[in-house]
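**Student:** First, the structure itself, so that you have it in front of you.
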Amino acid sequence: MDSAQEYERLLQFLHACPVGIAELDGVGAIQMINGHGVQLLAKVAPGKMGFFEMISSEGLTLARLHEFAGTHGMIRDRLRVATAPGGEVTHLELTLWKVDPSRYMVVFTDVTAIVAAEHAQRRLQEQEAEIERARQAGAERLAAQHARLELAATILHDIGNAVTGIGTRVANLIAEPAWPEHQSLSRLHGLLAANKDALERGFPGKADALVGMLRAIEAATGERSATWRDSLNLIARGVTHVGEIISLHRRLVPDGALGAPVPVDLRLVVDDALGFLSRSFERRAIRVDRAPAEQPMTVSGDRTRLTQVAVNLLKNACEAFDELPASDARERAVSIHFGADAAMVELTISDNGGGFAPAAELFQRGATSKATGSGLGLASCLAVAQAHGGSLTLHSAGVGLGANAILRLKAA
Amino acid sequence: MLAFDDPQLGIMLQSSSESALRDAAFGIVGLDADSRVVVYNRWESELSGLSPEKVLGKAFFTEVAPCTNNYLVALRYDQETVLDETLDYVFSYRLRPIAVRLRLLKVGGDRRWLLVMRRDG
Chain A
2 MDSAQEYERL LQFLHACPVG IAELDGVGAI QMINGHGVQL LAKVAPGKMG FFEMISSEGL
62 TLARLHEFAG THGMIRDRLR VATAPGGEVT HLELTLWKVD PSRYMVVFTD VTAIVAAEHA
122 QRRLQEQEAE IERARQAGAE RLAAQHARLE LAATILHDIG NAVTGIGTRV ANLIAEPAWP
182 EHQSLSRLHG LLAANKDALE RGFPGKADAL VGMLRAIEAA TGERSATWRD SLNLIARGVT
242 HVGEIISLHR RLVPDGALGA PVPVDLRLVV DDALGFLSRS FERRAIRVDR APAEQPMTVS
302 GDRTRLTQVA VNLLKNACEA FDELPASDAR ERAVSIHFGA DAAMVELTIS DNGGGFAPAA
362 ELFQRGATSK ATGSGLGLAS CLAVAQAHGG SLTLHSAGVG LGANAILRLK AA
Chain B
15 MLAFDDPQLG IMLQSSSESA LRDAAFGIVG LDADSRVVVY NRWESELSGL SPEKVLGKAF
75 FTEVAPCTNN YLVALRYDQE TVLDETLDYV FSYRLRPIAV RLRLLKVGGD RRWLLVMRRD
135 G
């Protein structure tokens with residue numbers, strides 16, 4: 002290959018280089034430029050000759066070129082410049098070198114597609130961030146709503162417990178015999194009225210007045226006693242009404258929503274529930290046998306919810322006798338047993354009351370085998386049991402043949 | 015006498031003698047339907063530093079003047095059936111940028127004409 006051929010090859014090589022290469026003099030006039038460079042500049046500045054006439058950018062001006070104090074070296078590295086000669090924006094990336102004190106070399110490529118891709122990527126990221134912000138805001142709203150429901154559930158439950166306590170106390174007071182003081186006064190009045198002569202002897206001229214005064218006290222006490230009883234009945238009705246309102250509102254809060262788990266001894270839970278219901282058992286003359294359990298029956302969970310479940314199950318056992326005919330003479334009994342293995346703790350409540358048909362769908366919301374039941378209790382109990390990693394099962398041999406409820410919970 | 019700005023130049027070129035084309039006072043490049051060089055006159059040869067013998071038969075836009083292989087020049091011939099357009103451009107045959115005025119001509123048939131004049135950069 003002779004030197005002329007070599008020259009041609011070199012020229013071909015430079016023209017074909019897939020980047021724009023240009024040499025500028027000290028005032029930015031293009032001294033040499035390759036084919037790709039001409040094409041790129043023809044796109045952004047058709048027919049122009051001065052480099053800084055073609056490319057105008059704050060970061061790349063003749064003044065900036067002259068600010069570079071060194072004799073050689075890089076002035077700008079991959080500077081991006083946007084031009085829009087015909088309305089369509091073209092992005093060039095330029096690297097500018099000072100070759101010697103009077104010559105500069107610039108290398109440039111068209112990065113329009115890359116910039117568009119970067120913009121698209123940025124827009125996508127912004128959209129994703131926007132979606133993520135919306136999702137988080139939604140999650141926060143849901144969490145806040147959940148927290149409010151939890152709070153509402155806790156408040157309703159605590160008020161419910163307090164009201165149940167008041168109701169139990171009021172019921173006990175109503176069940177007590179009439180005021181014994183009044184009975185004693187009646188007897189004393191009868192005695193003195195029957196022995197007025199003897200009284201006259203002891204208190205001459207005063208017997209009639211004494212007997213009269215005693216009658217007046219007896220009458221007033223009787224009246225007070227009746228008022229007391231009426232008031233108690235009014236309070237009992239009020240408590241029942243409050244209880245109804247609370248159970249109505251409880252339907253609106255989510256089942257099985259639990260507080261932070263704490264260790265709970267199921268024996269104590271059952272004893273609390275029995276305390277709430279003692280009067281109900283007494284009134285129906287039901288014998289309650291609570292089998293002793295030596296070791297603690299500890300689960301990790303929500304004590305309030307578990308107490309609610311125990312009260313519900315014991316109340317069902319208690320009310321199982323209400324469906325029996327008045328002539329039924331069986332000895333009424335409810336028995337409570339505890340059992341445990343390594344994984345689970347078990348509570349069994351058995352009664353010999355009214356039972357239910359084997360196919361009864363007792364866990365359906367709204368389903369009930371009782372004349373006055375709401376059907377809400379067992380569905381909620383099951384939800385709470387499941388939330389504690391457990392189960393609730395009910396068995397009956399048939400109507401009139403008693404039933405048992407088995408609550409199994411994950412041991413702590 | 016051929017003149018760069020003559021409105022009838024397209025027709026005149028079709029019937030011009032070889033010597034008239036060769037001696038014209040501006041650059042004349044004639045291309046066939048595949049843009050291979052069939053006419054390369056003296057003026058153009060002096061501007062580019064390429065002899066007609068080296069250039070004739072070659073693909074003009076890719077092998078001879080790659081700096082014209084774009085939408086402003088090469089693509090115009092492919093897009094238009096009839097073309098007569100003048101534009102300012104920069105050639106860099108030997109890497110030296112040369113400010114030129116181009117007239118792109120296509121009056122029908124297969125022949126394509128690229129006419130070149132110097133202008134002040």
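If you read the sequences in order, they're chains A and B. Residues 2 to 413 in this note's numbering are what the first sequence lists, from first letter to last. Residues 15 to 135 in this note's numbering are what the second sequence lists, from first letter to last. Note that CB positions come from ideal geometry on N, CA and C, so glycine has one too.
Between A:I56 and A:N35, which are expected to be in contact by the criterion C-beta below 8 Å, what is the C-beta distance as a whole number of angstroms?
**Tutor:** Rounded, the Cβ-Cβ distance is 16 Å, inconsistent with contact.
**Student:** Quick check on A:L12 - is its C-beta less than 8 Å from some C-beta in chain B?
**Tutor:** Closer than 8 Å: yes.
**Student:** Looking only at its own chain, which residues have a Cβ that is under 7 Å from the Cβ of A:P19, when we skip the five neighbours before and after it?
**Tutor:** Cβ within range, chain order: H37.
**Student:** Where do the N-terminal and C-terminal ends of the alpha helix (DSSP H) with A:N162 fall, by residue?
**Tutor:** Where A:N162 is concerned, the enclosing alpha helix (DSSP H) stretches over 113-176.
**Student:** Looking only at its chain, what residues have a beta carbon closer than 6 Å to the beta carbon of A:A334, apart from the 5 residues adjacent to it on each side?
**Tutor:** These residues qualify, in order along the chain: R288, N353.
**Student:** Determine the DSSP secondary structure at A:M214, reduced to helix, strand or coil.
**Tutor:** Note: A:M214 maps to helix in three-state DSSP.
**Student:** Might you give, ordered along the chain, the residues of its own chain that have their beta carbon closer than 8 Å to the beta carbon of A:G401, omitting 5 neighbours on each side?
**Tutor:** L325, G355, G356.
**Student:** Who pairs with B:I112 in a beta bridge, going by DSSP?
**Tutor:** Bridge partners of B:I112: B:F105.
**Student:** Within this structure, are the beta carbons of A:T222 and A:L186 separated by less than 8 Å?
**Tutor:** For A:T222 and A:L186, yes; Cβs fall inside 8 Å.
**Student:** Since A:P86 contacts A:A43 with CB under 8 Å, what's their CB separation in whole angstroms?
**Tutor:** Wrong, their Cβ atoms sit about 10 Å apart, outside the cutoff.
**Student:** Which residues in the same chain as A:H396 place their Cβ atom closer than 7 Å to its Cβ, once the five residues preceding and following it in sequence are excluded?
**Tutor:** Here the set comprises A404, N405.
**Student:** So that I know if they touch, is there some Cβ in chain B lying closer than 8 Å to that of A:A17?
**Tutor:** Taking Cβ atoms only, chain B reaches closer than 8 Å to A:A17, which makes this a yes.
**Student:** Looking at chain A, is there any beta carbon in it that lies within less than 8 Å of the beta carbon of B:S106?
**Tutor:** Interface residue, yes.
**Student:** So what's B:R132 in DSSP terms, helix, strand or just coil?
**Tutor:** Strand at B:R132.
**Student:** Quick test of the definition: if touching needs 3 or more C-beta pairs under 8 Å, does the stretch 72-79 of chain A touch the stretch 118-132 of chain A?
**Tutor:** No, they do not touch.
**Student:** How would you list, in chain order, the residues of chain A whose beta-carbon sits under 7 Å from the beta-carbon of B:R110?
**Tutor:** Per Cβ cutoff of 7 Å: M33.
**Student:** What is the rounded straight-line gap between the Cα of A:L408 and the Cα of A:E224?
**Tutor:** Their Cα atoms are separated by approximately 49 Å.
**Student:** Which residues of the stretch 45-75 of chain B have a Cβ closer than 8 Å to any Cβ of chain A? Give them in chain order.
**Tutor:** Here the close residues number zero.
**Student:** Distance, Cα to Cα, B:L86 vs B:R126?
**Tutor:** Rounded to the nearest angstrom, the two C-alpha atoms are 15 Å apart.
**Student:** Suppose you measure from the CA of A:T96 to the CA of A:A118; what does that come to, to the nearest Å?
**Tutor:** A:T96 and A:A118: Cα-Cα distance of roughly 21 Å.
**Student:** Is there at least one Cβ from chain A nearer than 8 Å to B:L128's Cβ?
**Tutor:** Judged by the 8 Å Cβ criterion, B:L128 is not in contact with chain A.
**Student:** Short of 7 Å in beta carbon distance, which residues of its chain neighbour A:S103, apart from the five on each side in sequence? Order them along the chain.
**Tutor:** Around A:S103: D26, G27.
**Student:** If I measure Cβ to Cβ from A:N173 and keep anything under 7 Å in the same chain, skipping five residues before and after, which residues do I get?
**Tutor:** Contacts found: R280.
**Student:** Just how far apart, CA to CA, sit A:S58 and A:Q146?
**Tutor:** So the alpha carbons of these two residues sit roughly 54 Å apart.
**Student:** Using 8 Å as the limit for Cβ to Cβ distance, is A:M50 near chain B?
**Tutor:** Yes, A:M50 counts as interfacial toward chain B.
**Student:** According to the Cβ coordinates, are A:K99 and A:F69 closer than 8 Å?
**Tutor:** Contact: yes.
**Student:** To which residues of the same chain is A:P262 closer than 6 Å at the C-beta, ignoring the five residues directly before and after it?
**Tutor:** Closer than 6 Å at Cβ, skipping near neighbours: S301, G302.
**Student:** Report the neighbours of A:K99 on chain B: residues whose CB is nearer than 8 Å to its CB, in chain order.
**Tutor:** In chain order: nothing, as chain B lies at least about 19 Å away.
**Student:** Which two residues bound the contiguous alpha helix (DSSP H) that contains A:K197?
**Tutor:** Start and end: 197-203.
**Student:** Which residue marks the beginning of the beta strand (DSSP E) containing B:N55, and which one marks its end?
**Tutor:** Here B:N55 belongs to no beta strand (DSSP E), and DSSP marks it neither H nor E.
**Student:** Note down, in chain order, every chain A residue with its Cβ under 9 Å from the Cβ of B:L86.
**Tutor:** What B:L86 touches in chain A: Q40, A43, K44, P47.
**Student:** Suppose the cutoff is 6 Å on Cβ atoms and the five residues either side in sequence are ignored; what does the same chain contact list for A:A194 look like?
**Tutor:** If we look at A:A194 and ignore the five residues flanking it on each side, its Cβ neighbours are V212.
**Student:** Tell whether a beta-carbon distance below 8 Å holds between B:L118 and B:E99.
**Tutor:** Closer than 8 Å, so yes.
**Student:** Just confirm the distance between the C-beta atoms of B:R56 and B:D37, as a whole number of angstroms; I'd bet it's less than 8 Å.
**Tutor:** Going by Cβ atoms, the distance from B:R56 to B:D37 rounds to 7 Å, so yes, they are a contact pair.
**Student:** Could you give the distance in angstroms between the alpha-carbon of A:N313 and the alpha-carbon of A:G378?
**Tutor:** One C-alpha to the other measures close to 6 Å.
**Student:** Use the C-beta contact count for A:T373: other C-beta atoms within 10 angstroms, 16 or more gives buried, fewer gives exposed.
**Tutor:** Note on A:T373: pLDDT 45, under 50, position unreliable in the model; the coordinate value appears next. A:T373 comes out exposed.
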